[in-house]
Amino acid sequence: MADRDWGSKPGSGGVASAQNAAIDRRNRLRQLAMETIDLSKDPYFMRNHLGTYECKLCLTLHNNEGNYLAHTQGKRHKENVARRAAKAAAEQGDSGGGPHSSFGAQQRKKVPPRKRIK
């Protein structure tokens, strides 16, 4: 009689819980991503000597390719990709005048070392 209280027929195995439905949904999305995304073209994907997968951008370890693909859809990975793109754009707009250029060295004043009295 307990099965009837929850709205399922006797012997049907019961209604799928929200947790089981979420697991099934994640597995379906993972399979779809595995079919559509080619990991050989991903510049941040690396398989290490332990057999796990690593995101070189975020420095995270993943047990299988599906978990890595789920990571690439996540907030942390997307923020790191955006941060790297902004950094690359700033370097391109800087026209190669990084901290080692002669222009930056001309504007900085040389500070003499402190002399200590013993």
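The numbering of the sequence shown is the working numbering, which starts it at 1 and goes up by one. All C-beta atoms in this analysis are idealised placements derived from N, C-alpha and C, irrespective of residue type, glycine included. Here the structure is a predicted model, which is why all the values come from computation and not from measurement.
Do L39 and E79 come within 8 angstroms of each other at the CB atom, strictly closer than that value? Here residue 79 corresponds to residue number 79 of the sequence shown, with the count starting at 1. Here residue 39 corresponds to residue number 39 of the sequence shown, with the count starting at 1. Not in contact: E79 and L39 (Cβ atoms no closer than 8 angstroms).
Can you have a look at T72 and say buried or exposed, based on whether 16 or more other CB atoms are within 10 angstroms of its CB? Start at 1 with the first residue of the sequence shown, and residue 72 comes out as number 72. Buried, since its Cβ has 16 or more Cβ neighbours within 10 Å.
Endpoints, beta strand (DSSP E) assigned at T72: Working through the sequence shown from its first residue, we reach residue 72 at position 72. Run containing T72: none in the beta strand (DSSP E); it sits in the alpha helix (DSSP H), E65 to T72.
Unbroken beta strand (DSSP E) run spanning H62, endpoints: In the sequence shown, counting from the first residue as 1, residue 62 sits at position 62. Start and end: T60 to H62.
Measure the C-alpha to C-alpha separation of N67 and R30 and round it to an integer number of angstroms. As a working note, residue 67 is residue 67 in the sequence shown. As a working note, residue 30 is residue 30 in the sequence shown. Roughly 8 angstroms between the two C-alpha positions.
Taking R116 as part of the alpha helix (DSSP H), name the residues at either end of that continuous run. Stepping through the sequence shown from its first residue, residue 116 is reached at position 116. R116: not part of any alpha helix (DSSP H); DSSP gives it neither H nor E.
Go ahead and pull the three-state DSSP assignment for D3. Counting from 1 along the sequence shown, the entry for residue 3 is found at position 3. Low local confidence applies: a pLDDT of 48 at D3 is under 50, so the model's placement there is unreliable, and no value is given.
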